[in-house]
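In what follows, a structure is listed as structure tokens, so that the remarks can point back to it.
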Amino acid sequence: MNNALNPLLDFSDLPQFESIKPEHVAPAVDSLLEQARAVVKQLEADQQAATWNTVVAPLEEATEKLGRAWGVVSHMNAVVDAPELRAAYNDNQPKVTEFWTELSQNLILFEKYKALQTGPEYASYTPARRKIIDNAVRDFRLGGAELADDKKERFAEIQEKQAAITTKFSENILDATNDYQLFVEDEAELAGLPDDIKQAARAAAEQDGKPGFKFTLHFPSYFPVLQYADNRQLRETIYRANATKASDLAGKAEWDNTQNMVEILKLRDEEAKLLGYKNFAEVSLVPKMAQTPDQVIDFLQDLAKRARPFAEKDLAELRAFAKQELGIEDLQAWDVAYASEKLREQRYAFSEQEVKQYFPEPKVIEGLFRTVETLFSVAIKPDNAPVWHPDVKFFRIEKNGALVGQFYLDLYARNGKRGGAWMDDARGRRRIESVNGREAAGPGSVQTPVAYLTCNFTAPITVDGKQKPSLFTHDEVNTLFHEFGHGLHHMLTRVDEIGVSGINGVEWDAVELPSQFLENFCWEWDVQQHMTAHVDTGRALPRELFDKMLAAKNFQSGLQTLRQVEFALFDMHLHYDYDPAGGKSVQEVLNEVRKQVAVLIPPPFNRFQHSFSHIFAGGYAAGYYSYKWAEVLSADAYSAFEEASRSQGNVLSPETGMRFLDEILAMGGSRPAIESFKAFRGREPSIDALLRHSGMTEAAH
Ligand SMILES: [Zn+2]
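Residue numbers for the sequence shown follow this note's numbering, beginning at 1 and rising by one.
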């Protein structure tokens, strides 16, 4: 194939989605890998002193193309999956991963980055460039690049073993989940379950050629039983099965994760000590915003202390309700979801269906754009670009008439599209001045950022030849704002260096700041009035319904907060002051944490930790606290807008918006998140706004 005709190798403008075919993938990846490796080789052979222009610029240039082209392939694989494309993706992915691993362990490059960091030019670089160099040196070190040869070998062994055991950990959960099935023959036993749930269970049994109804440990199957089934025995059966999966108490012995947890913790501890740290929690925090494990533990314990009275009240109310209304004298773990759902229905009598009628897509999009345009003094306009599906829309953001960024909006669920919602970058902002001393596209030209915003909402339907707009649930509206917040972080950046522009280089525990921040506007009456119109009458959302939504927002938030804190503290202690080689078991660590913070203690057979994939098989080891940590920042940042609203009468304050843009969104990863936060808020973050937003303050009581 002629590379000149391969659309994946054309970087002159936006991706040509309409002409990209699966057969373009392998030649494009091979050619870009070859080019990138050639650049790496050149750099390795280069004897001249390391400077930005001789090391970082050419490396960025070579890897940015690979990243962009592979980004297009990954994106298409996620949103327009088809057998040939999936095969091309799976065939090429290992080659790409191998290259990145190779690069992260390249010692000659590591030496060059260290030379850059200690060299005479360092002080004259912009803060963004210094941050990129510092991040690179840090990541090389955490990757074991500085270890002596014999230790390096052990380090690699540890990585390999960890990968194998964490994979086994996930596989055990999957196998145990897939293995379990519960057949119920008599429909009378399923009283309370919604019809669609029963239909799905009936269809599942039918597929197995069995009479009655089939339930499994997949969330959409077992959770509705816990939530709706009037049959207490049935709830207990399925609760027990789910709470003991992949443990010593259920299923095949080879699926028991007890020993895998210990092995993973031992390997992480050894890795940390090889790198010169006292424990793995310290390693995990190096690239994060939180400074020390103690700081994280203090934060979590403080949050637990504040949430506790509210959690106790939530629980007392639930117990009383269960007793009086449901005849449940001794509330058990398998009654909690059931009683909670009944209490919620009774207390906030409104349905999701009713709310949806006020949120037709065009009005919601108009409201979102209006919010963003007002806050950040930008204009969002329809734009044109090749797309991967006819439903995809494309827009441009302008500031003072100049283009600053563009985004694709792919809103509807369809076959071949991965579930969930996310923001991804199609390309990042960077100034293209010179590459290898060569002038590019004119001095000072800027590559503007482009984002993919992907959701899975209901598509519009056609009734009697007339198209009806999609109606969004309020949850979906929240999701849209959340992803748009990530998108703004990517698109409104003013940083010229791609390594730290937009969300690049932002700390893991701070990345959710702009996204959670923007969600808050979905709970503002002023904003909602302008983004709602009943699909039939055109009337804006009534105040009475909005008040019910607000009241339901914080239902049981005390209990929920304590649950998150319990998981986060358990995670932190396991990686900080727990010795996996000592006598204590993982279960004992969890029991101690529960004794300290939980009000709702699960039964002794509960083995939740055996399927805690976030920390044993995901990227959240000593990082589960990040959820709540970022929420403190986003809530506190948002409270500046609430203050503006009190003094100026409108939460959509362009003045405050401008400061948020200047100090947080525009800065991206070019400086530590805490500095950006303090520059915006004028002080250290405070937990007060999060407590208030969650209804956990005396005033809200
Ligand atoms: Zn997010």
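We treat Cβ as the ideally placed atom computed from N, Cα and C, and that holds for glycine.
Look at Leu14 here: in three-state DSSP terms it is coil, with no helix or strand label. If you compare the alpha carbons of Ser686, Val511 and Val262 with that of Ile165, the shortest gap goes to Val262.
When DSSP states are grouped into helix, strand and coil, Trp388 belongs to the coil group. Taking all protein chains in view, the Cβ of Trp525 is surrounded by fewer than 16 other Cβ atoms within 10 Å, so the residue is classified as exposed.
CA-CA distance, Asn178 to Phe215, rounds to 11 Å. Straight through space, the alpha carbons of Lys356 and His474 are spaced by roughly 7 Å. Residue environment: Gln516 is assigned as buried (16 or more neighbouring CB atoms within 10 Å of its CB, all protein chains considered). Spatial neighbours of Phe110 in its own chain (CB-CB distance under 6 Å, excluding positions within 5 residues in sequence) are listed in chain order as Phe140 and Ala145.
For Val565, the enclosing alpha helix (DSSP H) has its first and last residue at Ser557 to Tyr576. Taking Leu375 as the centre and dropping the five residues before and after it, the same chain places the C-beta of Leu652, Pro654 and Gly657 closer than 7 Å to its C-beta, in chain order.
In this structure, Phe407 sits near Val450, with a CB-CB distance shorter than 8 Å. Ser515 has its Cβ nearer than 7 Å to a heavy atom of ligand 1. In chain order, His24, Pro27 and Ala28 place their CB closer than 7 Å to the CB of Asn6, counting only its own chain and leaving out the 5 sequence neighbours on each side. In the DSSP secondary-structure assignment, Pro382 is bridged to Phe395.
When rounded, the separation of the alpha-carbon atoms in Ala568 and Pro460 is 40 Å. Restricting attention to alpha helix (DSSP H) runs no shorter than 4 residues, the region 228-312 encloses them at 232-243, 258-274 and 280-285, ordered along the chain. Considering only Asp81, Thr63 and Lys41, the residue with the shortest C-alpha distance to Trp388 is Asp81.
By the Cβ test, the region 147-167 is not in contact with the region 183-199, since fewer than three Cβ pairs between them sit closer than 8 Å. Within the same chain, and ignoring the five residues on either side of Pro685 in sequence, the residues whose Cβ sits closer than 7 Å to its Cβ are Val632, Leu633, Asp636 and Phe677. Our two residues, Asn504 and Ser694, have alpha carbons roughly 30 Å apart in a direct line.
At least one heavy atom of ligand 1 sits closer than 7 Å to the Cβ of His482.
By the criterion of a C-beta distance shorter than 7 Å, Gly558 is surrounded in its chain by Ala307, Phe310, Ala311, Lys313, Asp314 and Met696, once the five residues flanking it on both sides are discounted. By the criterion of a C-beta distance shorter than 6 Å, Glu18 is surrounded in its chain by Pro386, once the five residues flanking it on both sides are discounted. Per DSSP, the continuous alpha helix (DSSP H) segment holding Lys95 begins and ends at Pro83 to Ser104.
Short note on Glu631: C-beta not closer than 7 Å to any heavy atom of ligand 1. Annotated three-state conformation of Tyr452 is strand, per DSSP.
Burial is judged here by how many other beta carbons sit within 10 angstroms of a residue's own beta carbon; Thr118 has fewer than 16 and is exposed. For Gln516, no beta strand (DSSP E) encloses it; the enclosing alpha helix (DSSP H) starts and ends at Leu513 to Glu519. The beta-bridge partner set that DSSP reports for Ser445 consists of Ile432. Glu98 has its CB no nearer than 7 Å to any heavy atom of ligand 1. For Trp422, the pairing in a beta bridge is given by DSSP as Thr454.
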